[in-house]
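Taking it in order: structure first as structure tokens, then the write-up.
Protein chains: 2
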Amino acid sequence: MPNKRTLKLGLIQHACPVDVSPKQNLAHAIDMIRDAAGQGAQLIATQELFTASYFPQVQDESHFDLAEPIPGPTSQTLCDLAKELQVDLSASLFEKRAPGVYHNTSIMIDPAGQITSQYRKMHIPDDPRFYEKYYFTPGDAPANAPTVSPNAPTNAESDRSEGSDCPLPPTPPATPPGPNGFTAQHTRHATTAMLICWDQWFPEAARLSALQGAELLLYPTAIAWHKEEADEENQRQRESWQIIQRSHAIANGLFVAAINRVGTENDLTFWGSSFITDPGGQIIAQASTDQEEILIAECDLSLIEQTRRGWPFLRDRRIDAYAGLSQRMIDHD
Amino acid sequence: MPNKRTLKLGLIQHACPVDVSPKQNLAHAIDMIRDAAGQGAQLIATQELFTASYFPQVQDESHFDLAEPIPGPTSQTLCDLAKELQVDLSASLFEKRAPGVYHNTSIMIDPAGQITSQYRKMHIPDDPRFYEKYYFTPGDAPANAPTVSPNAPTNAESDRSEGSDCPLPPTPPATPPGPNGFTAQHTRHATTAMLICWDQWFPEAARLSALQGAELLLYPTAIAWHKEEADEENQRQRESWQIIQRSHAIANGLFVAAINRVGTENDLTFWGSSFITDPGGQIIAQASTDQEEILIAECDLSLIEQTRRGWPFLRDRRIDAYAGLSQRMIDHD
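Chains as they are written, first to last, in numbering that gives the first Met the number 0: chain C, 0 to 332; chain V, 0 to 332.
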């Protein structure tokens, strides 16, 4: 078996009350990120669109004012923070790419304070109180475009790991931010893939990330119960949400982390429950449904190979027979 | 919402002790199938390779003698049974296709006693005590070959439904048995897809079945605990096995049924636990881990459209970005 490699992962679950400004939400999240770093988290991830209340509850043109270019003021603040804390930081932002073209975007920032990767949400939901197709242009790059650096990582002075007796993957050279489809990105301690919320319902997204080497899928999320739904139905929804993400861990033999907000915003109560699974789909850490929490877990990355040797699904995929997956439906008439 | 359509589904979970002959196992299963039909089951499904103990525990050339052509003696017995009982019957058999070419095959038999569809296991496992790559040639047809009848079904005299006040899908004309990849097949009450055991770990197989119109995935299975494994690990394995199959129901908005054997055969104890989920992934019926059982549930097929309207994942698939799924790994160097 390979040497043990670990990642101490920190997830930031908080509320974004409707009467709190983006600036205040950002400051609050920064406090929590500092706290997570203080607890030893090496990679820290925010919930979806963490600087604002969940504005897609309504279609309102003025909400486009919340979007910022990347790089932009908020991303710069986060880059400075990552550098100060010497952490990898994955943040979910509302991106202004061009006038009239806005994306739901995640960025990965390395401990040098550089944006090393960018992912624009590929699957966009749209149903009552989740009017995301109004706001978010779908991510647009092909699945097989190179997204991790084509240069072999070098074990240069950029490897800032200290006090560890385990061999760590070196920090790759920074890749310029840019549009991409399903991606994987090297960070200091693990290869990650940043997917976003609705993506979590699509096994294709998880698989394409795994095939690019992802060891950890990050799903910043804003998922909620509607106040008029019965409690039983609410619990079913939350269970489905957990099962589908645990299934990605199982099918692909990798770690999965979901980061969801808490609190009531108008008609929606976000159910929190941020969690981390191991490559067998077992939950190794889970937050409450209604409290702000910093969820931290140490991920033993050597479990990935161990799990995949036991149940070698990636060996047995029938890649000769999957062409139909690129069809909407497979009609025979 | 569409009219309510229902399917009364029956699963046959039993033991295949190592000292019992295939002839005796077949007779025992026939008794249980009769019982299920007597309880009103309209579609009945066997567990994987239900006429024999799980012979792939060892590599033994003589075990190829268990294989039969299809049509063959066992399939003919089952066709006669389906006709007598007026049920749709899905059976898992060890098929001899040619000298040296054997398949792990499911057939669908209609109430006229005709084999209407045939599926040859596409994903073949191989690990200690599950030496399936030795015995089973992988299914060989492309994913997008037409497998359901190209003729629009007609509401002919072949529709034998009686005593129902619901409009039923008509029985399609029989399609000749033949090799096929991932398939869907019309039966009297539902469009099904027959997948087999190891297939259950591959979201691709479930998706390709759903895209062909499947309303119900059938997974005949032979999955077991090894006697030397710890109980905690055993429970994790069973949980993973349930989660991955429940995830297919969720991702695709359809019913899923798994049919597993029980009993100890040499080093393996098969964990039973046959179950049926609704299109939300909720388990609506589940058998024990160690008893022979006929598991029957009424499936309300109208839940499929209702579920998919609520969470319209099939609407939002990014078919422009899934080409990479036909790659083994997506390398960027």
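Every residue gets a Cβ at the ideal spot worked out from N, C-alpha and C, and that includes glycine.
**OP:** Given a cut-off of 8 angstroms, decide if V:Gln12 and V:Gly262 are closer than it, judged by their beta-carbon atoms.
**Re:** no
Original post:
For C:Trp270, which beta-bridge partners are listed by DSSP?
Top reply: Looking at the DSSP output, C:Trp270 bridges to C:Val261.
Subject >> Where the beta strand (DSSP E) containing V:Thr104 begins and where it ends >> reply: Val100 to Ile108
Original post:
If you draw a straight line from the C-alpha of V:Thr115 to the C-alpha of C:Ala250, how long is it?
Top reply: 31 angstroms
Original post:
When you compare only the Cα positions, how much space is there between C:Glu393 and V:Lys82?
Top reply: Look at the range of chain C in this structure, 0 to 332, and you will see that residue 393 of chain C is not part of it.
Subject >> For V:Pro219, the three-state DSSP class (helix, strand or coil) >> reply: strand
Original post:
Under the three-state reduction of DSSP, which class applies to V:Pro145: helix, strand or coil?
Top reply: Residue placement at V:Pro145 is flagged as unreliable, the pLDDT there being 42, under the threshold of 50; a coordinate-derived value is accordingly withheld.
Original post:
Unbroken beta strand (DSSP E) runs of length 3 or more, entirely within the region 20-76 of chain C: which are they?
Top reply: 42-45
**OP:** Assign V:Glu232 to one of three DSSP states: helix, strand, or coil.
**Re:** The answer is helix: DSSP assigns V:Glu232 an H, G or I state.
Subject >> Three-way DSSP call (helix, strand, coil) for V:Gly323 in this model >> reply: helix
Subject >> chain V contact residues for C:Met328, given Cβ-Cβ distances below 7 angstroms >> reply: Leu210
Subject >> Cβ of V:Ile106 within 8 angstroms of any chain C Cβ >> reply: no
Original post:
Looking only at C-alpha atoms, which of C:His188, C:Leu215, C:Asp64 and C:Ser325 sits nearest to C:Lys3?
Top reply: C:His188
Original post:
Is the shortest distance between the beta-carbon of V:Pro172 and the beta-carbons of chain C less than 8 angstroms?
Top reply: Interpretation of V:Pro172 is limited by its pLDDT of 43, a score under 50 that renders its predicted location unreliable; the figure taken from the coordinates is listed afterwards. No, no contact with chain C.
Subject >> Three-state class that DSSP yields for V:Gly309 in the structure shown >> reply: helix
Original post:
Skipping 5 residues on each side, what residues in its chain have a beta carbon closer than 7 angstroms to that of V:Lys95?
Top reply: Ala66, Glu67, Pro68 and Tyr101
Original post:
With respect to the alpha helix (DSSP H) encompassing V:Glu203, which residues constitute its N-terminal and C-terminal limits?
Top reply: Looking at the DSSP string, the run of the alpha helix (DSSP H) that includes V:Glu203 is Pro202 to Leu210.
**OP:** Could you name the residues of chain C that V:Ser239 contacts, counting a contact when the two beta carbons are closer than 7 angstroms?
**Re:** Neighbours of V:Ser239 on chain C, chain order: Ile249, Gly279 and Gly280.
**OP:** Enumerate in chain order the residues of its own chain whose CB-to-CB distance from C:Gln244 is below 6 angstroms, with the five nearest sequence positions on each side excluded.
**Re:** Gln199, Val255 and Ala257
Original post:
For C:Asn143, is the classification buried or exposed, using 16 other Cβ atoms within 10 angstroms of its Cβ as the cut-off for buried?
Top reply: Summary for C:Asn143: the model assigns pLDDT 43, below 50, so the residue's position carries little reliability; its value from the coordinates is reported in the next sentence. It counts as buried.
Subject >> C-beta atoms of V:Gln117 and V:Ile108 nearer than 8 angstroms >> reply: no
**OP:** Taking only beta-carbon positions, decide if C:Ile195 is within less than 8 angstroms of chain V.
**Re:** no
Original post:
In whole angstroms, what separates the C-alpha of C:Thr190 from that of C:Lys7?
Top reply: 13 angstroms
Subject >> Closer than 7 angstroms: V:His185 CB and nearest the ligand SAM heavy atom >> reply: Annotation note on the ligand SAM: not contained in the displayed structure, which lists no ligands.
**OP:** List the DSSP bridge partners of C:Arg119.
**Re:** C:Thr104
Subject >> Contacting residues, own chain, Cβ-Cβ under 7 angstroms from V:Ala209 (five flanking each side not counted) >> reply: Asn251 and Leu253
**OP:** Please state if the CB of V:Ser325 and the CB of C:Ile318 are separated by a distance shorter than 8 angstroms.
**Re:** yes
Subject >> For V:Arg245, the three-state DSSP class (helix, strand or coil) >> reply: It is helical.
Subject >> Nearest-angstrom Cα separation, counted from V:Asp230 out to V:Ser20 >> reply: Roughly 31 angstroms between the two C-alpha positions.
Subject >> Listed by chain order, chain C residues near V:Ile242 by CB distance under 8 angstroms >> reply: Ile242, Arg245, Ser246, Ile249 and Gly280
Subject >> Buried or exposed (CB count within 10 angstroms, at least 16 for buried), V:Asn265 >> reply: exposed
Original post:
Roughly how many angstroms lie between the CA atoms of C:Gln18 and C:Pro219, to the nearest whole one?
Top reply: The question names Gln, yet the displayed sequence has Asp at residue 18 of chain C. Those two C-alpha atoms are separated by around 22 angstroms.
**OP:** Return the residue from the list C:Ser273, C:Gln58, C:Asp330 and C:Ala320 that minimises the CA-CA distance to V:Asp139.
**Re:** C:Ala320
Original post:
Whose C-alpha, out of C:Asn103, C:Ser74 and C:Trp310, is nearest the C-alpha of C:Gly279?
Top reply: C:Trp310
**OP:** Output yes if chain V places a C-beta closer than 8 angstroms to the C-beta of C:Arg206; else output no.
**Re:** yes
**OP:** With 9 angstroms as the limit, tell me which residues of the region 71-104 of chain V have their beta carbon closer than that to any beta carbon of chain C; keep them in chain order.
**Re:** none
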